[in-house]
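Read the structure below first, then the notes.
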Amino acid sequence: MNGHSIPPRPVVLLVEDELFVRIATADALMDAGFEVIETANAQAAQEVLASRTDIRVVFTDVQMPGSMNGLELASLVRREWPHISVVITSGHWRPESSHLPEEAVFIAKPYGEQAPAKVIQALLD
21 MNGHSIPPRP VVLLVEDELF VRIATADALM DAGFEVIETA NAQAAQEVLA
71 SRTDIRVVFT DVQMPGSMNG LELASLVRRE WPHISVVITS GHWRPESSHL
121 PEEAVFIAKP YGEQAPAKVI QALLD
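Count along the sequence shown starting at 1, add 20, and that's the number in our numbering.
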């Protein structure tokens, strides 16, 4: 060993209730060099956010089951964890920038396989 440590991979919290979309997006993000934590709803995402300090980005769908949608989750992240970047996606809703939480980025579904990684990397650079 040469004494150099390998830098940690940026951690992305992926919040998507559609299983196949979540799997495909997680695989693409991992292939792009991210560590991915997958959850199916905002409640599970909040539990992860409360228990981990290494999350750099939340990538969330807007529509999902439960008491909180992705837009509400994004607003909560901006308030409670302002150091975490937020990417919002939807195939049903096209927000005006004024409807997004501060500094949140929106990408429309369907997105290309590489789109989430490119958007996330741009946020982290």
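Note that beta-carbon positions come from the ideal geometry of N, C-alpha and C, so glycine has one too.
Alpha carbon to alpha carbon, how far is Ala-62 from Gly-90? Give it in angstroms, no decimals.
-> Taking the sequence shown and counting its residues from 1, one reaches residue 90 at position 70. Taking the sequence shown and counting its residues from 1, one reaches residue 62 at position 42. Straight-line Cα distance between these residues: approximately 7 Å.
Span separating the alpha-carbon of Pro-30 from that of Gly-53 | Counting from 1 along the sequence shown, the entry for residue 30 is found at position 10. Counting from 1 along the sequence shown, the entry for residue 53 is found at position 33. Approximately 8 Å between the Cα atoms of the pair.
From Ile-140 to Phe-79, what does the alpha carbon distance come to, in whole angstroms?
-> Position 120 of the sequence shown, counting from 1, holds the residue named residue 140. Position 59 of the sequence shown, counting from 1, holds the residue named residue 79. Each residue's alpha carbon lies about 8 Å from the other.
Pairwise C-alpha distance: Phe-126 and Pro-115 = Working through the sequence shown from its first residue, we reach residue 115 at position 95. Working through the sequence shown from its first residue, we reach residue 126 at position 106. Those two C-alpha atoms are separated by around 8 Å.
Based on the DSSP output, what are the partners of Glu-116 in its beta bridges?
-> Walking along the sequence shown from the start, residue 116 turns up at place 96. According to DSSP, Glu-116 bridges with nothing at all.
What is the C-beta distance between Leu-120 and Val-35, in whole angstroms, given that I count them as a contact (C-beta under 8 Å)?
-> Within the sequence shown, numbered from 1, the residue matching residue 120 stands at position 100. Within the sequence shown, numbered from 1, the residue matching residue 35 stands at position 15. Not a contact, Cβ separation roughly 16 Å.
Out of curiosity, what's the CA-to-CA distance linking Asp-145 and Thr-59?
-> Locating residue 145 in the sequence shown gives position 125, counting from the first residue. Locating residue 59 in the sequence shown gives position 39, counting from the first residue. If you take the alpha carbons of Asp-145 and Thr-59, they lie about 25 Å apart.
Excluding sequence positions up to five away, which residues of its chain have a Cβ less than 8 Å from the Cβ of Ala-128?
-> On the sequence shown, position 108 is the one that residue 128 refers to. If we look at Ala-128 and ignore the five residues flanking it on each side, its Cβ neighbours are Thr-109, Ser-110, Gly-111 and Arg-114.
Please classify Leu-39: is it buried, with 16 or more other beta-carbons within 10 angstroms of its beta-carbon, or exposed?
-> For the purposes of this step, residue 39 is taken as residue 19 along the sequence shown, with counting starting at 1. Exposed: under 16 other Cβ atoms inside 10 Å.
Where do the N-terminal and C-terminal ends of the beta strand (DSSP E) with Phe-54 fall, by residue?
-> Sequence index remark: in the sequence shown, residue 54 carries index 34 (1-based). Taken as a continuous stretch (DSSP letters only), Phe-54 belongs to no beta strand (DSSP E), as it is neither H nor E.
Could you spell out where the alpha helix (DSSP H) holding Ala-142 opens and where it closes?
-> If you number the sequence shown from 1, residue 142 lands on position 122. Unbroken alpha helix (DSSP H) run through Ala-142: 135 to 144.
Within its chain, find whatever has a CB closer than 6 Å to the CB of Leu-143; leave out the 5 residues flanking it on each side and keep chain order.
-> The residue you call residue 143 lines up with position 123 of the sequence shown. If we look at Leu-143 and ignore the five residues flanking it on each side, its Cβ neighbours are Ser-105.
Proximity to Ala-44 [Cα-Cα], best of Ser-71, Glu-133 and Met-88 | Locating residue 44 in the sequence shown gives position 24, where the first residue counts as 1. When each option's Cα is compared against that of Ala-44, the closest is Glu-133.
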